[in-house]
Structure formats: C-alpha cells, structure tokens
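Following the working numbering, the numbering of the sequence shown begins with 257 at its first residue and continues without gaps. For each residue, glycine too, the CB sits at the ideal point set by N, CA and C. This report concerns only the one structure given below.
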Amino acid sequence: MGGFKKKILCIGAGYVGGITMAVIADKCPDYRVALVDIDHEKIDKWNSDNLPIYEPGLDEIVKRRRGKNLFFVKEMGKAIEEADIIFVSVNTPTKMFGAGAGMAADLQYWEKTAREIKKYARSDKVIVEKSTLPVKTADAMERILSAENKKVHFEVISNPEFLAEGSAIRDLEEPDRILIGYKDTPAGKRARDDIVELYAHWVPKKRIITSNIWSSELSKLVANAFLAQRVSSINSITPLCEKTEADISEVARAVGMDSRIGNRFLNASVGFGGSCFKKDILNLVYICRYYGLNEVADYWEGVVRINEYQKERFVARMMDVMFHTLANKRICLFGFAFKANTSDTRESAAIYIAKRLIEEKAALVITDPKALENAKKDLAGDNAKVEYIEDPYLASKGCDAIAIMTEWDIYKELDYEKIYASMRKPAFIFDGRNILDHKRLFEIGFNVYPIGMPGLVHFS
Ligand code: UDX
Ligand code: UDX
257 MGGFKKKILC
267 IGAGYVGGIT
277 MAVIADKCPD
287 YRVALVDIDH
297 EKIDKWNSDN
307 LPIYEPGLDE
317 IVKRRRGKNL
327 FFVKEMGKAI
337 EEADIIFVSV
347 NTPTKMFGAG
357 AGMAADLQYW
367 EKTAREIKKY
377 ARSDKVIVEK
387 STLPVKTADA
397 MERILSAENK
407 KVHFEVISNP
417 EFLAEGSAIR
427 DLEEPDRILI
437 GYKDTPAGKR
447 ARDDIVELYA
457 HWVPKKRIIT
467 SNIWSSELSK
477 LVANAFLAQR
487 VSSINSITPL
497 CEKTEADISE
507 VARAVGMDSR
517 IGNRFLNASV
527 GFGGSCFKKD
537 ILNLVYICRY
547 YGLNEVADYW
557 EGVVRINEYQ
567 KERFVARMMD
577 VMFHTLANKR
587 ICLFGFAFKA
597 NTSDTRESAA
607 IYIAKRLIEE
617 KAALVITDPK
627 ALENAKKDLA
637 GDNAKVEYIE
647 DPYLASKGCD
657 AIAIMTEWDI
667 YKELDYEKIY
677 ASMRKPAFIF
687 DGRNILDHKR
697 LFEIGFNVYP
707 IGMPGLVHFS
C-alpha cells in the first residue's frame with residue numbers, strides 16, 4: 257500500500273482498540289491504520305453502518321476515515337506482515353481458573369496473540385501493549401517473541417490507554433497525558449521515538465511523557481486504583497450520611513473544593529462498574545500478594561469490598577423501606593449501562609442489583625436508551641422474569657418502585673407527575689445516582705431515597 261509513511265495494525269477491535277485507532281487514523285492521515293479481531297462478526301459490524309459499540313462521536317470519525325486510511329480486516333497473517341507498529345488491545349479479563357482465579361489477569365489471549373505475531377512477522381516490528389497488563393508482562397512477551405527467532409527484532413513498548421467510555425473521543429483528542437514506557441537500549445529508544453512521533457501529530461509534546469517500561473505498566477493499574485478509590489471513599493461515607501442527616505452532595509462539594517483534593521470522581525453512586533476498575537485493582541492486589549506485600553494488598557482490596565457493600569446496601573435499603581418484602585413487587589430499573597453515554601454494561605452495578613431483586617422474587621422491568629441488548633445477555637439465565645422496555649413511561653407503568661442505575665440525562669427530564677400517576681401506591685424512587693430533584697418528587701407524592709441522604713418519606 258503505497259503513499260503511507262507508516263503502517264499500524266491493532267489486534268483487538270473492542271472498545272479500546274476500535275476507538276483509539278479511529279482517532280489515530282483521523283489525526284494521522286499519513287499513516288495507514290488497520291484493525292483485526294478474531295471475532296469476524298465484529299469486523300463486519302465495524303465495516304457497516306451499525307458499529308459494534310456506541311460511543312458519542314465515533315460514527316462520524318469512522319465514516320470519515322474508513323476505506324481511506326482506516327481498515328477493518330479479517331486476515332491476521334497478512335495484516336501482521338505488512339505492519340511496522342502493532343498495537344495489542346485484546347482483552348485481559350480476570351482469570352477464572354487455577355492459580356490466581358478471581359484475582360489475576362488472564363493472559364492467555366495476550367500470549368496467543370504474541371505467538372501469532374511471531375508466526376507471521378517477516379520484518380522488525382514495534383509491539384505496543386495497549387491492553388492493561390500486570391507489571392513485567394513486556395518481559396514475558398519479549399521472551400516469547402524472541403525465542404528461536406534470530407532474524408526479526410521485536411521491541412515491546414508500553415502505552416496504556418486512559419480513555420473513559422462515554423467521553424472516549426475527547427479523552428483521546430485532548431489527553432491529560434500520553435504515557436510511553438520503553439527499554440533503555442538503542443532499539444528501545446528508536447521504538448519510543450516512533451510512538452512519540454505518532455502522538456505528536458496532535459498531542460502537545462509536554463503531554464507526552466516517557467518512563468521505564470515497568471513504571472508505565474504499573475501506572476495504569478495505579479491510576480485506575482486511585483480513581484476507583486475516590487469513588488469508594490465517597491461511597492463509604494454515604495451510609496453515615498443516611499444515619500446522621502448529613503447530605504453526601506454537600507459533603508462532597510465542601511471536601512472537593514479543597515484544591516489539594518479536587519472535585520472530580522466524588523459522585524456518590526450505587527457502585528462503580530466498567531470493565532477496568534475491579535479487574536485492575538484485583539490484579540494489583542494479586543501482584544502485591546505474589547510479592548508477599550499483604551498489607552498493601554489488603555489496603556487496595558478494601559476499595560473493591562466497599563463497592564460490593566454499596567451494591568448490597570442499595571438492595572437492603574429497598575427491602576427495608578418497602579416493608580421487608582420485594583416478592584411480586586414490580587420494580588423498574590432506569591438504566592443498565594455502567595455509566596451514561598455508553599452501551600457497555602460490563603460489571604455494571606445494575607447487573608448485581610437485578611440479580612438480587614430477581615432472587616427476592618421481584619418482577620423486574622429494565623429500561624435503557626442504549627444498553628438493553630447487553631442487559632438481555634447479562635441476564636440471559638433470568639430473562640423469563642424480566643421485561644425490557646425502552647420507553648421509560650411504559651416501563652414504569654404499574655410499578656411499585658423505580659431505581660435509577662445510570663445517570664442518563666433523559667431521566668432528569670421526564671414528566672414524573674405522569675409517571676407517578678401510572679404507578680402503584682405507595683410509589684418509591686431510589687436514586688442510585690442522585691440526579692433527580694428529590695424535593696419535587698416528594699411533593700408529587702413519591703417516597704424518595706437518594707444515596708447518602710436521609711429519605712423523604714410520606715409515612716413515619
Ligand atoms: C480490553 C481490556 O478489558 C482492557 O483491560 C484492555 O486494556 C484492553 O482490552 P476493551 O477494548 O474494552 O478492553 O475490551 P473488548 O471490547 O472486549 O475488546 C477486546 C477485543 O479483542 C475483542 O473484540 C476480542 O474479540 C478481541 N480478541 C480477543 C482478539 O482479537 N484476539 C484474542 O485472542 C482475544
Ligand atoms: C476508567 C478510567 O476512568 C479510564 O481512565 C480507564 O482507561 C478505564 O477505566 P471507565 O471505566 O470507562 O474508565 O469509566 P469511569 O468514568 O472511570 O467510571 C467508572 C465507574 O465509576 C462508572 O460505573 C461510574 O459511574 C463510576 N463513578 C465514576 C462513580 O460512581 N462516581 C464518580 O464520581 C465517578
């Protein structure tokens with residue numbers, strides 16, 4: 257393919273690989289960007305008008321670049337052979353078997369991918385770790401890639417992705433920082449410069465930072481652990497607020513205005529979800545235990561424990577205030593995505609809460625503007641007991657309670673008088689995201705239970 261300065265391949269066309277490569281293609285018209293994925297249906301979707309993921313702004317970019325310098329392909333061998341730089345963003349889920357089950361990262365896809373690269377490569381390649389990996393993975397990868405291969409040189413670089421779903425395009429276009437971890441050798445420096453050159457197409461040089469490769473791998477785990485810790489920290493104060501008539505949003509505002517603390521990631525919620533936070537913290541915990549650092553491991557494990565507690569507490573409060581039984585009560589979940597502006601439901605608090613409510617024999621109705629297909633897959637074993645209705649008015653009709661799971665803007669703007677009129681009485685609202693006007697809802701007639709604030713209740 258003539259005319260392009262460099263050829264990039266990304267293995268793994270999921271949320272991270274797909275969106276990152278679309279933006280790289282958009283910002284670097286002089287580079288040819290290809291994506292390959294073992295899931296060929298996904299590749300077909302990337303090549304259609306119905307992309308496999310929903311992310312604001314993504315459709316436009318893909319339309320703009322696809323077929324010009326952005327390609328979604330199925331043939332792995334050819335794609336590897338042609339590429340100068342190979343990003344790997346295959347998934348690294350929590351390992352569910354054997355040593356480290358439930359904690360460690362499952363590296364089988366990574367290793368398999370490294371072996372594929374080795375099999376097809378005929379010329380030197382820069383291999384970029386985009387997936388979040390345990391510290392020291394680059395070492396293992398280099399050993400696999402270099403074994404019995406004298407002719408081709410593979411240089412492994414760490415370049416973790418910090419995008420958050422829902423704001424991914426902006427996060428990529430205006431990143432706080434780009435982190436590039438490299439080995440301090442002549443080949444390592446050359447590879448580092450290649451990746452710096454790529455990002456320098458649109459990212460100011462002062463925001464492109466480099467470090468040793470292990471620091472880079474570890475920084476990604478630690479960044480996610482810190483972010484999750486903030487959510488767990490604020491959530492850990494919510495039960496105390498509910499007991500003492502303090503208001504968590506007032507506490508968060510007062511605490512967050514301290515410039516040393518900062519005001520972001522202090523929204524109390526029903527619990528954090530997403531594919532990264534829990535997985536990455538458990539991975540960090542596992543590595544600490546591996547090195548015998550049990551105090552450190554316990555400290556970070558606490559972040560996950562508080563999150564589990566927060567989800568369970570939400571259901572317990574529903575039970576408690578709805579007269580200690582949920583059996584046959586109709587409960588409508590507003591939102592199923594793990595956060596607003598995404599169709600992604602991985603590790604969403606809504607999954608746990610839906611399953612617990614089903615256990616309690618409640619009749620569930622789920623509504624979400626983008627995530628109903630994923631919700632059906634998540635609750636596949638229980639679908640007989642769940643209704644999925646996209647229109648929130650129809651979904652909440654005849655229900656005893658509404659529980660807000662996702663902070664979608666549309667839920668702030670609904671006509672709650674109309675909703676109240678269509679519900680069974682007494683009608684309850686549990687605001688798991690504190691996005692609604694609680695006083696107003698109370699005036700309409702609802703019994704209102706926000707997170708981290710005392711309930712507004714019509715009976716004593
Ligand atoms: C995933 C991980 O969750 C994250 O930790 C990591 O940083 C990047 O990869 P994400 O892109 O959100 O994040 O995952 P997902 O949407 O599941 O995409 C991974 C893709 O890799 C899938 O499309 C899967 O089919 C593909 N894959 C997986 C391969 O192409 N080859 C494999 O061997 C395994
Ligand atoms: C996160 C990191 O932010 C990102 O840098 C990394 O690359 C991947 O993991 P993501 O999981 O997509 O991104 O979304 P994020 O915005 O971090 O939210 C994670 C979860 O925390 C969501 O369930 C969100 O609703 C919840 N959250 C976030 C809160 O409950 N309160 C907050 O104040 C912030």
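Could you tell me whether the region 589-603 touches the region 653-660, where touching means 3 or more Cβ pairs closer than 8 angstroms?
yes
Would you mind sorting Gln566 into buried or exposed? The rule is 16 or more other CB atoms within 10 Å of its CB.
Numbered from its first residue, the sequence shown carries residue 566 at position 310. Flag for Gln566 reads buried.
Which residue's Cα is closest to the Cα of Tyr287: Asn415, Ile264, Val346?
Within the sequence shown, the letter at position 31 stands for residue 287. Ranking Asn415, Ile264, Val346 by Cα distance to Tyr287 puts Ile264 first.
Between Leu670 and Val552, what straight-line distance do the alpha-carbon atoms span, to the nearest angstrom?
As a working note, residue 670 is residue 414 in the sequence shown. As a working note, residue 552 is residue 296 in the sequence shown. Leu670 and Val552: Cα-Cα distance of roughly 45 angstroms.
Can we count Ser472 as close to ligand 1, meaning its CB is less than 7 angstroms from some heavy atom?
As a first step, residue 472 is located in the sequence shown; it is residue number 216 there, counting from the start. Checking the Cβ of Ser472 against ligand 1 gives no.
Relative to the alpha-carbon of Tyr271, which residue among Lys330, Asp282, Val344 has its alpha-carbon at the smallest distance?
Sequence index remark: in the sequence shown, residue 271 carries index 15 (1-based). The candidate whose alpha carbon is nearest that of Tyr271 is Val344.
Short Cβ contact (8 angstroms threshold) for Lys231 with His296:
Residue coverage of the chain in this structure runs from 257 to 716, which leaves residue 231 outside it and unanswerable.
Work out the CA separation of Leu697 and Leu389 for me, nearest whole Å.
For the purposes of this step, residue 389 is taken as the residue at position 133 of the sequence shown. For the purposes of this step, residue 697 is taken as the residue at position 441 of the sequence shown. Going from the Cα of Leu389 to the Cα of Leu697 covers about 45 angstroms.
Tell me the rounded alpha-carbon separation between Phe570 and Ala447.
Position 314 of the sequence shown, counting from 1, holds the residue named residue 570. Position 191 of the sequence shown, counting from 1, holds the residue named residue 447. Spanning the two alpha carbons is a distance of roughly 49 angstroms.
Cutoff 7 angstroms; reference Thr601; Cβ partners in own chain excluding five residues on either side:
Counting from 1 along the sequence shown, the entry for residue 601 is found at position 345. The answer, listed in chain order, is Phe592, Ala593, Phe594, Ile607, Ala627, Asn630, Ala631, Asp634.
When every heavy atom of ligand 2 is checked, does at least one fall within less than 7 angstroms of the C-beta of Gly529?
Walking along the sequence shown from the start, residue 529 turns up at place 273. Yes, since a heavy atom of ligand 2 falls inside the 7 angstroms radius drawn around the Cβ of Gly529.
Tell me Gly437's beta-bridge partners as DSSP assigns them.
Position 181 of the sequence shown, counted from the first residue, corresponds to residue 437. Gly437 pairs with Ser414, Ser467.
Should Asn519 be counted as a contact of ligand 2 given a C-beta to heavy atom distance under 7 angstroms?
As a working mapping, residue 519 is identified with position 263 in the sequence shown. Asn519: no, Cβ never under 7 angstroms from ligand 2.
Kindly examine ligand 1 and report whether one of its heavy atoms sits closer than 7 angstroms to the Cβ of Thr388.
By 1-based counting over the sequence shown, the position of residue 388 is 132. The closest heavy atom of ligand 1 lies less than 7 angstroms from the beta carbon of Thr388.
Option nearest Asn690 by Cα separation, candidates Ile700, Asp503, Asp536:
The residue labelled residue 690 in the question sits at position 434 within the sequence shown. Cα-wise, what sits closest to Asn690 is Asp503.
For Ser345, is the beta carbon positioned less than 7 angstroms from some heavy atom of ligand 1?
As a first step, residue 345 must be located in the sequence shown, where it is residue number 89. The answer is yes for Ser345.
Closer than 7 angstroms: Cys420 CB and nearest ligand 2 heavy atom
Against the sequence shown, residue 420 aligns to sequence position 164. The sequence shown places Ala at residue 420, not Cys. The answer is yes for Ala420.
Determine the closest residue to Lys324 out of Pro442, Gly358, Pro285, with distance taken between C-alpha atoms.
Here the question's residue 324 lines up with position 68 in the sequence shown. The shortest C-alpha separation from Lys324 is found at Pro285.
What do you reckon, are the CB atoms on Ser472 and Ser414 nearer than 8 angstroms?
Counted from its first residue, the sequence shown places residue 472 at position 216. Counted from its first residue, the sequence shown places residue 414 at position 158. Yes, these two residues count as a Cβ contact at 8 angstroms.
Give the secondary structure of Val318 by DSSP, where H, G and I count as helix, E and B as strand, and everything else as coil.
Here residue 318 refers to the residue found at position 62 when the sequence shown is read from its first residue. Helix at Val318.
Determine the burial state of Ala357: buried for a count of at least 16 other Cβ atoms within 10 Å of its Cβ, exposed for fewer.
For the purposes of this step, residue 357 is identified with residue 101 of the sequence shown, where counting begins at 1. Ala357 should be labelled exposed.
For Pro648, which three-state DSSP category applies?
Within the sequence shown, residue 648 is the residue found at index 392, counting from 1. Helix.
Note down, in chain order, each residue of its chain lying with its Cβ closer than 6 angstroms to the Cβ of Ser652, except the 5 sequence neighbours on either side.
In the sequence shown, counting from the first residue as 1, residue 652 sits at position 396. Excluding the 5 residues flanking it on each side, Ser652 has same chain C-beta neighbours closer than 6 angstroms at Cys588, Ile658, Ile675, in chain order.
Measure the Cβ-Cβ separation of Pro308 and Lys301 and say whether it is below 8 angstroms.
Sequence index remark: in the sequence shown, residue 308 carries index 52 (1-based). Sequence index remark: in the sequence shown, residue 301 carries index 45 (1-based). At a Cβ-Cβ threshold of 8 angstroms, Pro308 and Lys301 count as neighbours.
Applying the 10 Å Cβ sphere with the 16-neighbour rule, what's the burial state of Met397?
In the sequence shown, counting from the first residue as 1, residue 397 sits at position 141. Buried, because 16 or more other Cβ atoms sit within 10 Å of the Cβ of Met397.
Within 7 angstroms: the Cβ of Lys298 and any heavy atom of ligand 4?
Ligand 4 is absent from the structure shown, which contains only ligand 1 and ligand 2.
Is it the case that the CB of Val329 approaches a heavy atom of ligand 1 more closely than 7 angstroms?
For the purposes of this step, residue 329 is taken as residue 73 along the sequence shown, with counting starting at 1. Answer for Val329: no, Cβ out of range of ligand 1.
Val408 and Ala377 closer than 8 angstroms at C-beta:
Along the sequence shown, one-based indexing puts residue 408 at 152. Along the sequence shown, one-based indexing puts residue 377 at 121. Here Val408 is near Ala377, since their CB atoms are less than 8 angstroms apart.
Can you find a heavy atom of ligand 2 that lies under 7 angstroms from the Cβ of Lys595?
As a position in the sequence shown, residue 595 is number 339, starting the count at 1. Under cutoff, so the answer is yes.
Jot down the residue ranges of each uninterrupted beta strand (DSSP E) in the region 615-684, minimum 3 residues, whole runs only, in chain order.
619-623, 642-644, 657-660
Do Asp305 and Ile299 come within 8 angstroms of each other at the CB atom, strictly closer than that value?
For the purposes of this step, residue 299 is taken as the residue at position 43 of the sequence shown. For the purposes of this step, residue 305 is taken as the residue at position 49 of the sequence shown. Going by C-beta atoms, Ile299 is not nearer than 8 angstroms to Asp305.
For Glu385, the first and last residue of its enclosing alpha helix (DSSP H)
What you label residue 385 is simply residue 129 of the sequence shown in a count that begins at 1. Careful: Glu385 lies outside any alpha helix (DSSP H), inside the beta strand (DSSP E) at 381-385.
By the three-class DSSP mapping on this structure, what secondary structure does Ile707 have?
Position 451 of the sequence shown, counted from the first residue, corresponds to residue 707. Looking at Ile707 - three-state DSSP - the assignment turns out to be coil, as it is neither helix nor strand.
Closest to Leu540 by C-alpha separation, out of Ala360, Ala677, Gln485, would be which residue?
Position 284 of the sequence shown, counted from the first residue, corresponds to residue 540. Comparing Cα positions, the closest option is Ala360.
Give me, in chain order, the residues of the same chain whose beta-carbon lies closer than 6 angstroms to that of Thr369; leave out the 5 immediate sequence neighbours on both sides.
By 1-based counting over the sequence shown, the position of residue 369 is 113. Taken in chain order, the residues that qualify are Ile267, Val344, Val346.
Please state whether DSSP places Ala403 in a helix, a strand or coil.
Position 147 of the sequence shown holds residue 403. Here Ala403 sits in coil by DSSP.
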